[in-house]
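What follows is a short report on a single structure.
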Amino acid sequence: MPTLIRAGVVVPATGGTILEGGAVVVDDGRIVEVLDALGARRAAAAFAGEIVDEPDSILMPGLVNIHTHGVSPSPLFPSGSAPLPDERWLGHLDRHAVAGTTTVLSTCGLGTMNEIREADRRHAVHVRGATAHTAGSIAAALAADGAGLTAQHTQQTIERMLADGAVAIGELAGGQTLGGGGQDLVFLPAAILEHTGVVVTQAQARALKESVLGRFMDEGSYSAALLAERAAQAGLGGIDPEALRRLVVDTVMPSVGSARDGIREGVDAARRFGVPALVHSASASADLIRELQRSDDRRPATIIAGHVNHTSHTASEAVRLAESGRDAGWYGEASVFDLLEGRETVQTREHWDALLEGIDLVDVLATDYGHDGRHDPLISAVQDVIARGHRGLAEAVEMVTSVPAALVPGLVEGGAMLRRGAPADLVIADRDDLRIVRRVYIGGVPVAERGRMLSAARA
Ligand SMILES: [Zn+2]
Numbered sequence: 012m013p014t015l016i017r018a019g020v021v022v023p024a025t026g027g028t029i030l031e032g033g034a035v036v037v038d039d040g041r042i043v044e045v046l047d048a049l050g051a052r053r054a055a056a057a058f059a060g061e062i063v064d065e066p067d068s069i070l071m072p073g074l075v076n077i078h079t080h081g082v083s084p085s086p087l088f089p090s091g092s093a094p095l096p097d098e099r100w101l102g103h104l105d106r107h108a109v110a111g112t113t114t115v116l117s118t119c120g121l122g123t124m125n126e127i128r129e130a131d132r133r134h135a136v137h138v139r140g141a142t143a144h145t146a147g148s149i150a151a152a153l154a155a156d157g158a159g160l161t162a163q164h165t166q167q168t169i170e171r172m173l174a175d176g177a178v179a180i181g182e183l184a185g186g187q188t189l190g191g192g193g194q195d196l197v198f199l200p201a202a203i204l205e206h207t208g209v210v211v212t213q214a215q216a217r218a219l220k221e222s223v224l225g226r227f228m229d230e231g232s233y234s235a236a237l238l239a240e241r242a243a244q245a246g247l248g249g250i251d252p253e254a255l256r257r258l259v260v261d262t263v264m265p266s267v268g269s270a271r272d273g274i275r276e277g278v279d280a281a282r283r284f285g286v287p288a289l290v291h292s293a294s295a296s297a298d299l300i301r302e303l304q305r306s307d308d309r310r311p312a313t314i315i316a317g318h319v320n321h322t323s324h325t326a327s328e329a330v331r332l333a334e335s336g337r338d339a340g341w342y343g344e345a346s347v348f349d350l351l352e353g354r355e356t357v358q359t360r361e362h363w364d365a366l367l368e369g370i371d372l373v374d375v376l377a378t379d380y381g382h383d384g385r386h387d388p389l390i391s392a393v394q395d396v397i398a399r400g401h402r403g404l405a406e407a408v409e410m411v412t413s414v415p416a417a418l419v420p421g422l423v424e425g426g427a428m429l430r431r432g433a434p435a436d437l438v439i440a441d442r443d444d445l446r447i448v449r450r451v452y453i454g455g456v457p458v459a460e461r462g463r464m465l466s467a468a469r470a
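With the first letter of the sequence shown counted as 1, position 399 gets the number 410 in the numbering used here; the numbers rise by one all the way through.
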């Protein structure tokens, strides 16, 4: 039976338009009609099917998130860490779905397509795969952690993954392998605990690391005085400073060189295979990213700088790097992390605002992972850029629907636009606060309602 869904405003995510009082007609899982106000009134007058009336709502395509982790039984993160238990990754997909996301690109990057297909099959959200299977990326994962990697992961290649259905390359490097947040949170505290018996916080680990390696993972920026001061603050005052310096270097640095090789190899593969690549942009990769942006290699490629708003940069460094990317034809993805609501990993919105205020520095919004997967919802990012005046409604919606779909061919059937013939992946949200998601449809079937998953969501 066909369904007519009438909304306060329909955002088709194409051509920058909105339809006040519009509607869509859904039949057999697909959009069969997109109507303006007049068309909606006419259709409703003689409609042979169910009519869903949602005044004061916004109807838009299901959201597309091109930077996610922990959404499949694959090795976790570019560090190839042990996969999450099923209930955790399924739970992450639930969180994406209740907030309106209907397609995710898994960017952990070192899994197999069988693992991605398993996630796709077991949850209504469309799960698509990316590959980072280069020699450097795999070596970096093994150096940083690699607990989730088996021979079937380490023997994969980008070429075979693409043939098996991966739609993008990435994430090329990450905080775990480049001496970033993943080191501060997990690996460095674990190494310090093992060698000294002292428990340090993420902030203390970061402070110790930066006294030894600076923000750019450079042994030349070691400051003995700073290390002594920070060691004392972290309860490590009794440890021999040289031993502590070595411990930091030996924990953080082995994966860094390989991870940087992995970035080069992955960007080259993007040019060779004509497939988009997502590169981890952070202070530790900034010089390499600049070098790649200056490259005179003219083979066309879609290169997306991930989280251009990463807080390992200063805000002005982030803006300058994104400007150089824009001028080199790269695309910019801004990650919301948890900077709007959760604020466990990112406590400032300075970078976010500075990048969004720039000219064409941010093409796409995504979430990345946040602390233990507690990223803010993607829809909150959309609401924020509208409320702050960074973008209008139509453009903000396109940044999480048709734009990411266009950047990654094969990611979303129908291109994440409301148009005839496209799958009916839809979101209905409150007009004056998009964060209040009333209902989410995938393939025309309601899968979530007002923050609650419906039984159709899991296989
Ligand atoms: Zn990243």
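The beta-carbon is built from N, C-alpha and C at its ideal position, and this holds for glycine as well.
Open item on the list: Are there any heavy atoms of ligand 1 lying less than 8 Å away from the beta-carbon of D6, as far as the coordinates show?
Closed with: This structure does not reach residue 6, given that the chain is present from 12 up to 470, and the question cannot be answered.
Open item on the list: Could you tell me the alpha carbon to alpha carbon distance between G277 and I180, rounded to whole angstroms?
Closed with: 7 Å
Open item on the list: Please report the distance separating the alpha-carbon of G285 from that of E182.
Closed with: 16 Å
Open item on the list: Given 8 Å as the limit, tell me if G91 has its C-beta closer than that to any heavy atom belonging to ligand 1.
Closed with: no
TODO: Return the residue from the list P94, L289, A243 and G102 that minimises the CA-CA distance to R385.
DONE: G102
Open item on the list: Buried or exposed, going by whether 16 or more other CB atoms sit within 10 Å of the CB of P96?
Closed with: Its Cβ having fewer than 16 others within 10 Å, P96 is exposed.
Open item on the list: I'd like to know if the stretch 50 to 60 and the stretch 282 to 299 are in contact, where contact means that at least 3 CB-CB pairs between them fall below 8 Å.
Closed with: no
Open item on the list: According to DSSP, simplified to helix, strand and coil, what is E355?
Closed with: In the three-state reduction of the DSSP assignment, E355 falls in the coil class.
Task: Neighbourhood of A202 by C-beta distance below 7 Å, restricted to the same chain and skipping five residues each side - done: L258 and T262
TODO: Taking only the alpha-carbon atoms, compute the straight-line gap between L247 and S234 and give it to the nearest angstrom.
DONE: 16 Å
Open item on the list: For ligand 1, is there any heavy atom lying closer than 8 Å to the beta carbon of H324?
Closed with: no
Open item on the list: Closest to D436 by C-alpha separation, out of G19, V35, T212 and G336, would be which residue?
Closed with: V35
Open item on the list: Once DSSP output is grouped into helix, strand and coil, what is the label at S92?
Closed with: strand
TODO: Count the other CB atoms, across all protein chains shown, that sit within 10 Å of the CB of T212; report buried if there are 16 or more and exposed otherwise.
DONE: Burial call: exposed.
TODO: Compute the Euclidean distance between the alpha carbons of E334 and L372, then round it to the nearest angstrom.
DONE: 6 Å
- [ ] Give me the Cα-Cα distance between I390 and L189, rounded to the nearest whole angstrom.
- [x] Rounded to whole angstroms, I390 to L189 spans 29 Å at the Cα level.
TODO: Could you spell out the range, first to last residue, of the alpha helix (DSSP H) harbouring P72?
DONE: Not the alpha helix (DSSP H): P72 falls in the beta strand (DSSP E), residues E61 to P72.
- [ ] To the nearest angstrom, report how far apart V223 and G91 are at their CA atoms.
- [x] 26 Å
- [ ] Determine the closest residue to P84 out of G122, G111, G186 and A57, with distance taken between C-alpha atoms.
- [x] G122
- [ ] Out of E126, Q194 and G32, point me to the one whose CA is closest to A154's CA.
- [x] Between A154 and the set E126, Q194 and G32, the nearest pair of CA atoms involves Q194.
TODO: Hey, could you find the ends of the alpha helix (DSSP H) G384 is sitting in?
DONE: It is not in any alpha helix (DSSP H) - G384 carries neither H nor E in the DSSP assignment.
TODO: Compare the beta carbon distance of L445 and I16 with 9 Å and say whether it is the shorter of the two.
DONE: no
- [ ] May I ask which residues mark the beginning and end of the beta strand (DSSP E) holding A459?
- [x] V456 to E460
Open item on the list: Among the candidates P13, E302, P23 and A398, whose CA atom is the shortest distance from the CA of G425?
Closed with: By alpha-carbon distance to G425, the top candidate from P13, E302, P23 and A398 is P23.
Task: Contained beta strand (DSSP E) runs [length at least 3] in the stretch 290 to 350, N- to C-terminal order - done: 314 to 317 and 342 to 346
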